[in-house]
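The numbering of the sequence shown is this note's numbering, which starts it at 17 and goes up by one.
This report concerns only the one structure given below.
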Amino acid sequence: MDVNNSTVSGNIRAVADLLRQGGIYDPAAVAAEGLDAPDISRYVVLIHGDLGTGERLQAVQLQRSIEATPWDRFQHVVFVPGLFHLKMACAEAIWRCFLQPLAAREDETSLIHDVTILRPRETGIYCSKPGFRRMHQLISHAGVCRRLDCWRLHIEDLGFTSLEAFAASAPTLDDLKTVAEHLVRNYVANYQLRHMKARPSDERDIQFENALLMNKYYLLYEELSYAMNRGDIGRVETCIVPWIPILKAVGKHKYATQMMNFLTNVHYVYPPGLRHAIRYHWLVNPTGKEMKWRAVDWCVELNNLFTKVKYGGKGSNRTLDRILLESPLVQAYRNAQVMIQKNFLHTHLTVKHGDPNMSKSFKALTMRFESHSPHRRIAGRKSRYEILDLADKGRELMEKGMRDEVERSENTEDTEARMGMDDVLVELL
Numbered sequence: 017m018d019v020n021n022s023t024v025s026g027n028i029r030a031v032a033d034l035l036r037q038g039g040i041y042d043p044a045a046v047a048a049e050g051l052d053a054p055d056i057s058r059y060v061v062l063i064h065g066d067l068g069t070g071e072r073l074q075a076v077q078l079q080r081s082i083e084a085t086p087w088d089r090f091q092h093v094v095f096v097p098g099l100f101h102l103k104m105a106c107a108e109a110i111w112r113c114f115l116q117p118l119a120a121r122e123d124e125t126s127l128i129h130d131v132t133i134l135r136p137r138e139t140g141i142y143c144s145k146p147g148f149r150r151m152h153q154l155i156s157h158a159g160v161c162r163r164l165d166c167w168r169l170h171i172e173d174l175g176f177t178s179l180e181a182f183a184a185s186a187p188t189l190d191d192l193k194t195v196a197e198h199l200v201r202n203y204v205a206n207y208q209l210r211h212m213k214a215r216p217s218d219e220r221d222i223q224f225e226n227a228l229l230m231n232k233y234y235l236l237y238e239e240l241s242y243a244m245n246r247g248d249i250g251r252v253e254t255c256i257v258p259w260i261p262i263l264k265a266v267g268k269h270k271y272a273t274q275m276m277n278f279l280t281n282v283h284y285v286y287p288p289g290l291r292h293a294i295r296y297h298w299l300v301n302p303t304g305k306e307m308k309w310r311a312v313d314w315c316v317e318l319n320n321l322f323t324k325v326k327y328g329g330k331g332s333n334r335t336l337d338r339i340l341l342e343s344p345l346v347q348a349y350r351n352a353q354v355m356i357q358k359n360f361l362h363t364h365l366t367v368k369h370g371d372p373n374m375s376k377s378f379k380a381l382t383m384r385f386e387s388h389s390p391h392r393r394i395a396g397r398k399s400r401y402e403i404l405d406l407a408d409k410g411r412e413l414m415e416k417g418m419r420d421e422v423e424r425s426e427n428t429e430d431t432e433a434r435m436g437m438d439d440v441l442v443e444l445l
């Protein structure tokens, strides 16, 4: 389709073309021409996409709300926000909190110093615009090292000299669960953080408070990522709830509003059948393997990668007409490549890179944590930049917005109540 999806009219054409390719037409045309097509007036069509797609589809439904038929009103379209783009927004929220402010890079326990060890050649990229892949890897690797440091501190309190000595003692699963529960209560920001911030300045440890918040945001992100890979849609919905105020606090108001409205519609507006359909089609598993569930918008982006980049042609062959002509053959190209690789007995039949060996980097970073003690409370330790509790800040912004909306509605009602016939006659005269 040669369609500009950045406009409302382009999205109308795109939806109509996609439905036509699937054999779905206007019910009036089906009845008049006797087409062999289902009557869409009794069904809905789930459309997955990013935030921009959702906004334009909602604009289409708003503009066409005065039309006579459900088809012209686009009443059959139900937008489902893509989880892959939501995950990207969560990673960017962490970047905005810990790396974007200049003052947030000054402390020895700040995240940028983790970058200098894990990615020493990419510090400038992380300070400017790292992108999703780099932030995803940083959150994973830095989170592992910081949690290992928390384990080390607690193990030392139990009388062990190191994590290796604790592992040599052959702890049971119950012992590991007990330690993990202690770490969550003491090294992750919770309700006690507010009491810590209320203490006198000579008793506070602001860098320790920042480390607790960092651990909290890391765990929220990794739990969301794990739930998506696992295909646990109930857990995904539970993980989205704390991210809504966080996205609101870092300035991603549209994402916060979109996800809040979507979850509200799914659980309180849509009928049970539609609710079931949306929840069970939010994630897909193209390979059928465990921990390989993917968001629908990720599959769309992967198809765009093969269509526009890998098999899109080069030089004079890279034209829009050629991309459109060869787009149906993308899967055939991939199958031919796999067949040739197997015929020549290639052993490396994947383009996926293996996980890097980060043992040396992890050891260097954990040694740095031992020397600077981000998770050891030191009374009176200051910080150049105090990380805010984004969940509390986001909830305050949401409550303020709701109060302003209520006040505006009340003022409108008062104005309408005071308006009488004399006011109308004045305008006529």
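Backbone N, C-alpha and C define an ideal beta-carbon position, used for all residues, glycine too.
On a predicted model such as this, the values are computed, not experimentally measured, just so you know.
The DSSP-derived three-state label of His198 is helix. Cβ neighbours of Met275 within its own chain (closer than 8 Å, five residues either side excluded): Pro97, Leu102, Ile256, Trp259, Ile260, Leu263. The C-beta of Leu99 has 16 or more other C-beta atoms within 10 Å across all chains shown, which makes the residue buried.
By the 16-neighbour rule on beta-carbons within 10 angstroms, Asp218 is exposed. Between the segment 159 to 170 and the segment 380 to 398, the count of Cβ pairs shorter than 8 Å is three or higher; the stretches touch.
Nearest Cα to Leu67 within the set Asn21, Ser389, Ala352, Asn206: Asn21. Assignment of alpha helix (DSSP H) within the segment 62 to 138, counting only whole runs of 4 or more residues, yields 67 to 79, 99 to 114, 127 to 134 in chain order.
Contact between Thr125 and Ala227 is confirmed by a C-beta separation of about 6 Å, below the 8 Å threshold. Taking all protein chains in view, the Cβ of Tyr233 is crowded by 16 or more other Cβ atoms within 10 Å, so the residue is classified as buried.
Going by C-alpha positions, His170 is about 57 Å away from Ala30. The C-beta distance from Leu299 to Arg310 rounds to 7 Å, short enough to fall under 8 Å. Taking C-beta separations shorter than 7 Å and ignoring five residues to either side along the sequence, the partners of Tyr203 in its chain run Cys166, Leu228, Asn231, His391, following chain order. Between the segment 132 to 144 and the segment 172 to 182 there are fewer than three inter-stretch CB-CB distances shorter than 8 Å, so the stretches are not counted as touching. For Gly39 against Ala48, the beta-carbon gap comes to about 17 Å, at or over 8 Å, which does not count as contact. For Ala30, the uninterrupted alpha helix (DSSP H) run begins and ends at 24 to 37, by DSSP. Going by beta carbons, Cys113 and Leu406 fall inside the 8 Å limit. Assignment of Ala380 by DSSP, reduced to helix, strand and coil, places it in the helix class. In the DSSP assignment, Ser156 falls within the unbroken alpha helix (DSSP H) covering 147 to 173. With a contact defined as Cβ atoms closer than 8 Å, Pro43 and Ile63 miss out at about 19 Å. Under the three-state reduction of DSSP, Arg392 is assigned to coil, being neither helix nor strand.
Restricted to the segment 230 to 286, not a single beta strand (DSSP E) segment is unbroken, complete and at least 3 residues in length. Remark: C-beta atoms of Lys213 and Glu225 approach each other more closely than 8 Å. Residue burial is scored here from C-beta neighbours: Asp123 has at least 16 other C-beta atoms within 10 angstroms and is therefore classed as buried. A direct Cα-Cα distance of roughly 36 Å separates Val60 from Glu412.
The continuous alpha helix (DSSP H) containing Gly289 extends over residues 288 to 295.
In this structure, Leu279 is the residue among Leu279, Gly304, Thr303, Lys308 with its C-alpha nearest to the C-alpha of Arg295. Looking from the CA of Asp408, the closest CA among Arg137, Gln116, Leu209 belongs to Leu209. Residue state for Leu404 is assigned as coil, using DSSP reduced to three classes. Straight across, the Cα-Cα distance linking Asn245 with Ala84 is about 43 Å. 8 Å or more divides the Cβ of Asn27 from the Cβ of Leu78. Taking C-alpha positions only, Gly417 is separated from Asp248 by approximately 32 Å. Taken through DSSP and simplified to helix, strand or coil, Ala214 comes out as coil. CA-to-CA, the gap between Leu134 and Gly289 works out to about 48 Å. Here Arg310 is bridged, per DSSP, to Val300.
DSSP places Pro344 in the helix class (H, G or I) of the three-state scheme.
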